[in-house]
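Comments concern the structure below.
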Amino acid sequence: MAQVPMAATTAMLAYFGWTLGTKTSSAWSLTLLPKNSGPSHPQGTLLSNNAAVNQRRRTLFSSTAATLGLLGCGTPSSAVVETVGKDPTCNDGTCLGVWDGLLADCPHGMAGKQGAGCTSSQDDTPGTFSEPWDYSESDSLDWQHQMRKLLPVIQAVSAKRGDSVRVLLQENRYLRVAFTDGRSGETSTGEFYFTPDDTTVQFRIASLESSSTSPFTPSLRNIERAELLRKEMRYLKLPVLRNRRRALFFVESEVDTFGPGSAALGPPAEMRTGELEGRQDIDPRKKLDFLQNFPIPL
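Numbered per the working numbering, the sequence shown spans residues 245 to 542.
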């Protein structure tokens, strides 16, 4: 039976509130996390709501640092959940770098519409989410070999677009670069992380601009930039489960989400019935689609 990627296994177990227990013979025991198992903070430290959510998500993710394949397939191995490239003095949800295996979320609301926008493989918000990259079918499964290929590709793709790029930090599996748009002069930060014990690349490309290009929709330039890099590297897109609530006609809508869902909801044990069923913010009597108005009552 095919093995489930370790990063996907740890994320799924953490989302459902399970942590790996002891191993007896050939089976592993799973223990449900306590509802109040949250991170402890130094006295006097105040975290914003977003920071608290990110801290909680990191705690759940870290609790499953050692697992075997989902449903017992594969052999036991250790999933490394590391912190790399992060400023030790930064302790909120905007920190650059990998924190307990996770990159920062994209800015939401109007902040997410600034400059070239933001895209991330670990933020399932519609309009910013991009599938993680998978290099399992590449000529080499060695992450160091893939890292050596990635930087020249970033430079080549940027040159074709008329952009400039410079390396800000390269540490082990983590790479951070600064993109400067050749036409607008806007700067974006790109982060790329080769996850341990896996063939997955997580990434985040976010604008550093303070002005909005549109009051209604985010720019897609960084999403396009990420897709050009993926194609040049010849990586696959890693499929991600999607929770489709409702669509406007045949296109994406703001009421669609991507699975396993926002980390803000927490584990199922702490979710309301409407949240579990994906209808916590949807009025079932509300007409969302134009086609739903037919036939028009006379």
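Every residue, glycine too, gets a C-beta built ideally from N, C-alpha and C. This structure is a prediction, so every number in the text was calculated from the model and none was measured.
Here Ser365 is near Pro376, since their CB atoms are less than 8 Å apart.
For Ser402, there is no enclosing beta strand (DSSP E); the residue is found in the alpha helix (DSSP H) stretching over Trp387 to Arg405.
Of the candidates Lys475, Gly426 and His389, the residue whose Cα lies closest to the Cα of Thr443 is His389. A Cβ-Cβ contact shorter than 8 Å links Gly341 with Val328. Partner residues in the beta bridge of Ile449, as assigned by DSSP, are Thr363 and Gly434. Note on Asp383: under 16 other CB atoms within 10 angstroms of its CB, so exposed under the neighbour-count rule. Its chain contains Ala348 as the residues whose beta carbon lies nearer than 7 Å to that of Thr338, once the 5 sequence neighbours on both sides are disregarded; these appear in chain order. For Arg410, there is no enclosing alpha helix (DSSP H); the enclosing beta strand (DSSP E) covers residues Ser408 to Glu415. By the 16-neighbour rule on beta-carbons within 10 angstroms, Cys362 is buried. If you look at Arg474, you'll find it in the alpha helix (DSSP H) that goes Arg465 to Met477. Exposed is the label assigned to Ala403, since fewer than 16 other Cβ atoms lie within 10 Å of its Cβ. Here DSSP, grouped into helix, strand and coil, assigns Lys330 to coil.
Burial is judged here by how many other beta carbons sit within 10 angstroms of a residue's own beta carbon; Arg410 has fewer than 16 and is exposed.
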